[in-house]
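Input: a single structure, listed below in structure tokens.
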Amino acid sequence: MEGFESILGAARAGADWAWDRIYRELAPSVRGYVRAHGAAEPDDLVGEVFLALVRELPRFQGDERDFRAFAFTIAHRRLVDELRRRGRRPVTPTEPEILAETAGSGGDVADEAMAGIDEARVRTLIEDLPPDQREVLLLRILGDLTIEEIARTLGKRAGAVKALQRRALKRVQGAYPFEDARR
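With the UniProt record's numbering, letter number 91 in the sequence shown gets 91, and the count goes up by one each step, no holes.
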């Protein structure tokens with residue numbers, strides 16, 4: 001973010017424009033992270049993350065990278081809480097046929113189909129990974145966190161995070177081998 005220090009200062013002072021800017025910068029990545037983990041209501045969870053950021057801002061110290069890691073640490077904790085809650089109170093999903101009947105027509109069908117294909121492909125890739133490897137890749141890619149930031153977020157050693165990332169990438173490449181660029 002351009003001028004992060006001034007944006008953070010304005011957010012601390014309660015400036016709506018600063019929170020709007022922070023939200024626009026971080027929310028898509030946070031939403032992608034919680035969606036990839038199967039959050040039932042990703043937008044609600046993103047809202048919870050940003051409420052926590054507002055509450056916790058007075059105790060935050062650091063630069064833009066630290067703030068991003070701080071946001072993803074909160075997102076990770078809220079996600080774990082949601083998954084625990086859902087485990088205690090399972091919900092029966094609505095049948096796809098019922099949803100199809102009630103769904104309204106909206107947007108460009110071709111765009112929606114392509115987005116669905118891309119999302120399905122990514123979901124297939126990450127669902128095949130063990131949970132710890134999936135977590136590391138999502139924080140690395142969607143959260144744009146460093147190995148050290150991921151280690152702090154997950155409470156693991158940096159070496160363990162590196163090993164998890166290496167295994168995850170190897171597994172993904174084995175499942176979907178990339179063509180040799182030299183050919």
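Every residue, glycine too, gets a C-beta built ideally from N, C-alpha and C.
- The three-state secondary structure of Thr124, taken from DSSP, is helix.
- One alpha carbon belongs to Leu51, the other to Leu45, and they sit about 10 Å apart.
- No residue range can be given for His37, since it is assigned to no alpha helix (DSSP H) and is classified by DSSP as neither H nor E.
- When the Cα atoms are used, Phe67 and Leu83 turn out to be separated by approximately 24 Å.
- Inter-segment contact for the stretch 128-135 and the stretch 7-27 is absent: fewer than three beta-carbon pairs are separated by less than 8 Å.
- If the five residues before and after Leu57 are omitted, its C-beta is found closer than 7 Å to the C-beta atoms of Ala11 and Arg12, all from its own chain and listed in chain order.
- Apart from the 5 residues on each side of it in sequence, Leu142 sits with its Cβ closer than 6 Å to the Cβ of Ser29, Gly32 and Tyr33 in its chain, given in chain order.
- Only buried fits Val136, as 16 or more other CB atoms lie within 10 angstroms of its CB.
- In terms of Cβ geometry, Ala151 and Ala158 form a close pair [threshold 7 Å].
- By the neighbour-count criterion, in which 16 or more other beta carbons inside 10 Å mark a residue as buried, Val161 falls on the buried side.
- The three-state reading of DSSP puts Pro130 in coil, since its state is none of H, G, I, E or B.
- By alpha-carbon distance to Met1, the top candidate from Arg35, Asp63 and Val49 is Asp63.
- Glu149 sits away from Ala75, with the two beta carbons spaced by 7 Å or more.
- In this structure, the beta-carbon distance from Leu154 to Leu145 does not fall below 7 Å.
- In the DSSP annotation of this structure, Pro58 is not part of any alpha helix (DSSP H), being labelled neither H nor E.
- Scanning Ile147, Gln173, Val172 and Leu164 for the CA closest to the CA of Arg65 turns up Ile147.
- The three-state secondary structure of Arg157, taken from DSSP, is coil.
- Distance between Gly3 and Gly9, taken at the CA atoms: about 10 Å.
- Take Trp19, set aside five residues on each side of it, and the residues of its chain with a beta-carbon closer than 7 Å to its own are Ala11, in chain order.
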